[in-house]
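Visitor: The following block contains the structure, expressed as structure tokens.
Residue numbers (the numbering used here), protein chains in the order written: chain A, 2 to 339; chain B, 2 to 339; chain C, 2 to 339; chain D, 2 to 339.
If you want it as structure tokens, here you go:
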């Protein structure tokens, strides 16, 4: 870290600061500039020691030099992680992966019908919410327990692996039966109790970026899972909160590029929640491929007008099929297969 | 709700829309304007039915008219709620309430010392984190179980009620022994599983606004607690995420005024987390009183330079005392006692 | 517009409101809902009349129905505008347009060298700042008057049309000699005096979105130019201000899609200023093509390490060439030529 | 500045970097840490030299140490500037200053009537827009030239000094006749041509923060005026753009505290534009006093329901009077007179 000393600090204050740095077990390197003094601090940092220095008289600011994450960073592991969902399905490799399905599982008929057409159109995974976190307690919260056998039946029928959200620690075990990937929603990105438990499970976890989470926050949240032993984490960009009101959230396409550079984990984009508009999903999907994402999470519904949740951002079967066809050319341009 | 019809929609599309409105059990009131058509929809709405209409051909936008919360809104209960923490301590009444203490409980000596001087300076409640949610898994996470007997001892000693954060559903019971108010942190504002469980507890809950939570989101989160039967909810403004980097977060002082207008629940301000700078806390505390808040949550530490967490935003004993003295005049100007 | 009446409003208040609507020359359509009353207002609106209604007792909120722009909107002109820069160069047509060059014109040698390699690599236009608006008055403000003959010479030499920024009304005439497109920077998006003057010039104007401008704000700013008679406006997405700090700004890729849907004007993306990182520019450029943009504005410098402004976001000649090569495949996937 | 070297950089790269630092006339101080190398750079910096270093191979990031502003900073001038508007009116001293009036000057009768009641209620200055920058070109743009004699007459009548906005360089001279303070609006905060011209005028300038301007941006904009010789700059906080939609903008109350700490210039708050709601203005005004602001800019109208602009955020004469009365107690608590 580098300590920037306040402009008016006298010699004694600087001397005390240097002593404190040494007392904490670090090596201080003071540099006296034309107008400012800085102290470079060498040694193994902890947040606690940094916090202590931050409160010392004469300290204007402390600038960390190291990234606050380790296990999920490229500095520790340069090669990109390829996460195996099943023998025939990897995420993060040459093949671009599309996970598609309804926002919420509503019935066997609904899920089965959707699963069949998304598979036919080329999707490699099925998505569907069994437990739905909703902004209002008065809204539909998913089929809950009753959704499990439905998802199980449709998986068997179609052979598609399944991704679904877990919102409560107590549901992890129950969902183990059907979830090939556990999804952590944006609202729970910093639900550290949940992340810690998922770090003990032997199954991939897809972690969605919080509406106000920086790329660095997301990587630290991923670190919570990894530090417990589960390195199979997939990052998901799904839009952040900004002042712009023509979209539900603002898809941060640059974040995809930043995540791929700073972390070895695969990155997936969710254009449906990012935009909130079905008519934006095809173009955003192509942009995600072009930016270097490893996959997409797309909402589609056989009858959007009867969907119980988020029908307005779900593609119809026809537009899903067309989107998949158009994506192929962009995947090829990006040197990937679909 | 009001449906805005797309500009190009033909008669048949509008007729279908009107039929659908009727089929869902509502009464449609179409109005044909100079350039646009709108359909006012009368009847008891649900999110599901609204979602269905949103996907109909010809719909440009749906504008909700009713607030998405009920129990916590002024429209249902006009008089301000006064929440009783103990026989001698209410929040939301004429008396302005200061909750002060360290970010984290570190030891018996630390908490005891701090509790004594905050009480002497006039604080009515003690705060202190036993379970600490931290952005990085490598940081100090609180004393956890070991903190409980410490908090219990200091409470008995000083007679101060205690507020502490709960981050895991499984800790609710354990914390019941010491928490006079359960605090839900900003990162868990939409951890609906946690909110639902706290709705079943007979004790006040202080709900902090998420870094990206709108006032409306916060009120809906409060609704999750209230709908389970626990109406003792206190709202807390603690800063939102914006582009400004001179503060850790941006304290949204207008939100205090909005919350007081739209909801009957008491509102508390946390100037320490909002700003991240000890030198801003006194002025922000005064602004909170002036804006109409019902209380403050302030971080203070007997030795900020040795604090294990957030020392740089903690007031020293001397500056806490001075802040309390200065606050008195502003409370008086606001027609309240301290 | 639709007026939402406050919940507690009595009959007399509603009657007064309805009278006022009529007095302003509109036709009121009151609808009495289960819990709320709304009044749909039919007639030709003006902002002044809307503002007057907004202050009436009993008004909770006024919801506008019409878009606040006319001339630049798709509702007035459905077909996409193709803007002719020169006989051999259109923007908004099938051909994707790349405008490339240095952030600032520094010398004849510099501009000439850069112009030659960008032309060779396939760029159709040269960019270069002659007047530079800088956040600090202590920074290099461009060559100013001295840059004009340089740009003129390089244009003649290479045959490339030139785009450059105008920051002062008094410079419009002087720049007319070299600017094939006048660029209005993000900081001047709402400098209405400048926009109005550019509306009187017979030459295309490229209007950059302000760091805090919504898509709707940008379209209204474009309207300022169009209303004066100059319909040759090109919109430019260059990133907005958000809390994310890993990029200089956040490129709002969805805005490209929104602008293309709501307006008939062409849309260009500036990945250099949006990200502030040279290593992000290639991937963002591809994403812009995929999202449906009509062109790119890219910073490149023959010797970024000696650039006087923004060298860290400028592509080297080699990486510019490679980016152009890679873009070709994405343009093809998008059904366009480069 | 401090250069953070990329993790993988080899010895030669670091050596080259050190050479470059020296070649630019600086003294390099390399520090080799456990995991990272940093180079502290001593000497007089310029943005150009910093930009050059930023593009060198091996540079991960450059951290500036000095504030980017000089003249307006506390480091150069520790004592608070008191700006004299007239012999009997200072801004930045012990007396808290209220500038009040209509958003726009509409007629002699309107301005005269408002001026009289704001004076009677204790306001020390009159505000009123003669040139109005509006988001849409279709909205009322102010009386323009015709407003000048009106403002002049009302000033003479009441003896109140007058503040009004200048939006076009060409109007500076004309407004000199009536403007005791030139106001620069949020949309023009970085209209550097305008700032530079105002730096040559011998009259105070009030500079409003842009909707997306950081505190640091605002101070650099103020520097543009000061560097030309006009040190009479007043800063104005008027709300920033965030995701929150219950207010028009988000009043950044912490920014008032930051500006007062980092700059010696006086700070004024505009609660009317910040919130967009008349009912929020009184509480926000009190919060501004409590936070340490030096004055307020308040919109009021004798008949808000007939105001041509922003009537919904204008106080009625009665509520303006009451607000002034209530403010007195808060000014006293803050140790100031009103």
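Note that the Cβ used here is the ideal one computed from N, Cα and C, for glycine as well.
Please list the residues of the segment 177-202 of chain D that have a C-beta atom closer than 7 Å to any C-beta atom in chain C, keeping them in chain order.
Guide: Flagged, chain order: 188, 189, 191, 192, 193 and 194.
Visitor: Could you pull out every residue in the same chain whose Cβ sits closer than 7 Å to the Cβ of residue 171(D), ignoring the five residues on either side in sequence?
Guide: Within the same chain, residue 171(D) has no close Cβ partners at all.
Visitor: So, is the C-beta of residue 44(C) closer than 8 Å to a C-beta in chain B?
Guide: So, interface residue.
Visitor: Run through DSSP, which three-state label would residue 278(A) get?
Guide: Here residue 278(A) sits in coil by DSSP.
Visitor: Using a Cβ-Cβ cutoff of 8 Å, what residues of the segment 230-261 of chain C are near chain B? List them in chain order.
Guide: Here the close residues are 242, 243, 244 and 246.
Visitor: Note the first and the last residue of the continuous beta strand (DSSP E) segment covering residue 209(C).
Guide: Run containing residue 209(C): 206-209, per the beta strand (DSSP E) assignment.
Visitor: List, in order along the chain, the chain B residues whose C-beta lies closer than 9 Å to that of residue 287(D)?
Guide: In chain order: 288, 290, 291, 292, 293, 331, 334 and 335.
Visitor: May I ask you to report which of helix, strand or coil DSSP gives residue 128(B)?
Guide: Residue 128(B) falls in the strand class under three-state DSSP.
Visitor: Would you tell me roughly how many angstroms separate the C-alpha atoms of residue 73(D) and residue 17(A), rounded to the nearest one?
Guide: C-alpha separation (whole angstroms): 31 Å.
Visitor: Could you tell me whether the Cβ of residue 1(A) comes closer than 8 Å to any Cβ of chain C?
Guide: The shown model of chain A, from 2 to 339, leaves out residue 1(A), and the question about it has no answer.
Visitor: Below 8 Å on the Cβ atoms is my contact criterion, and I expect residue 267(D) with residue 86(D) to pass it. Report the Cβ-Cβ distance as a whole number of Å.
Guide: The Cβ separation is near 11 Å, so there is no contact.
Visitor: Residue 305(A) and residue 159(B): beta carbons closer than 8 Å?
Guide: Not in contact: residue 305(A) and residue 159(B) (Cβ atoms no closer than 8 Å).
Visitor: From the DSSP output, in three-state form, read off residue 61(B) for me.
Guide: DSSP places residue 61(B) in strand when its eight states are reduced to three.
Visitor: Can you tell me where the alpha helix (DSSP H) with residue 104(D) in it begins and where it stops?
Guide: From DSSP, residue 104(D) is part of no alpha helix (DSSP H); its letter is neither H nor E.
Visitor: So, helix, strand or coil for residue 116(B), using DSSP?
Guide: Helix at residue 116(B).
Visitor: Comparing the C-beta of residue 16(C) with each C-beta of chain D, is any distance below 8 Å?
Guide: No, because no Cβ of chain D sits closer than 8 Å to the Cβ of residue 16(C).
Visitor: Would you identify the three-state DSSP class for residue 339(A), choosing helix, strand or coil?
Guide: It is coil, neither helix nor strand.
Visitor: Rank 198(C), 91(C), 227(C) and 92(C) by C-alpha distance to the C-alpha of residue 71(C) and give the top, closest one.
Guide: When only C-alpha atoms are compared, the closest one is 227(C).
Visitor: Which runs of the alpha helix (DSSP H) at least 4 residues long sit entirely within the segment 217-268 of chain B? Give them in chain order.
Guide: Counting whole runs of 4 or more residues, the segment 217-268 of chain B contains the alpha helix (DSSP H) stretches 254-263.
Visitor: Beta carbons nearer than 8 Å to chain A: which residues of the segment 58-90 of chain D have them?
Guide: Hits within the stretch, in order: 64, 66, 67 and 76.
Visitor: For residue 41(B), return the contacting residues in chain C, with the cut-off set at a CB-CB distance below 7 Å.
Guide: What residue 41(B) touches in chain C: 32, 39 and 41.
Visitor: How would you list, in chain order, the residues of chain C whose beta-carbon sits under 9 Å from the beta-carbon of residue 307(D)?
Guide: 53 and 56, listed in chain order.
Visitor: Can you find a CB in chain A that lies within less than 8 Å of the CB of residue 5(D)?
Guide: Yes, residue 5(D) lies at the interface with chain A (some Cβ there is under 8 Å from its Cβ).
Visitor: If we count Cβ pairs, one from each stretch, closer than 8 Å, do we get three or more for the segment 282-293 of chain A versus the segment 290-301 of chain C?
Guide: Result yes; three or more Cβ-Cβ pairs closer than 8 Å.
Visitor: If distances are taken between C-alpha atoms only, which option among 179(C), 315(C) and 216(C) comes closest to residue 240(C)?
Guide: Comparing Cα positions, the closest option is 216(C).
Visitor: Can you tell me whether residue 30(C) is helix, strand or coil according to DSSP?
Guide: Reduced to three states, the DSSP call for residue 30(C) is strand.
Visitor: At a Cβ cut of 8 Å, what residues of the segment 124-141 of chain A count as close to chain B, listed as they run along the chain?
Guide: Cβ contacts with chain B come from 134, 135, 136, 137, 138, 139, 140 and 141.
Visitor: At 4 residues or longer, what runs of the alpha helix (DSSP H) sit wholly inside the segment 43-99 of chain B?
Guide: Listed in chain order, they are 48-55.
Visitor: According to DSSP, residue 185(B) sits in a beta bridge with which residue or residues?
Guide: Paired residues: 208(B).
Visitor: Could you confirm whether any beta carbon from chain D is found closer than 8 Å to the beta carbon of residue 270(B)?
Guide: Judged by the 8 Å Cβ criterion, residue 270(B) is not in contact with chain D.
Visitor: Give a yes or no on contact between the segment 137-146 of chain C and the segment 44-64 of chain D, applying the rule of three or more CB pairs nearer than 8 Å.
Guide: Yes: the two stretches touch, three or more of their Cβ pairs being nearer than 8 Å.
Visitor: Tell me which same chain residues have a C-beta within less than 7 Å of the C-beta of residue 308(D), skipping the five on either side of it?
Guide: Same-chain partners within the cutoff: 103, 104, 302 and 315.
Visitor: Check the C-beta distance from residue 26(A) over to residue 44(A) and give it rounded, since I have them as a contact under 8 Å.
Guide: 6 Å between Cβ atoms; contact.
Visitor: Of the choices 123(C), 185(C) and 153(C), whose alpha-carbon is the least far from that of residue 322(C)?
Guide: Nearest option by C-alpha distance: 123(C).
Visitor: Return yes when the Cβ of residue 247(C) is within less than 8 Å of the Cβ of residue 259(A), no when it is not.
Guide: Yes, Cβ-Cβ distance for residue 259(A) and residue 247(C) is below 8 Å.
Visitor: In terms of alpha-carbon separation, which member of 162(B), 324(B), 28(B) and 10(B) lies closest to residue 88(B)?
Guide: Cα-wise, what sits closest to residue 88(B) is 162(B).
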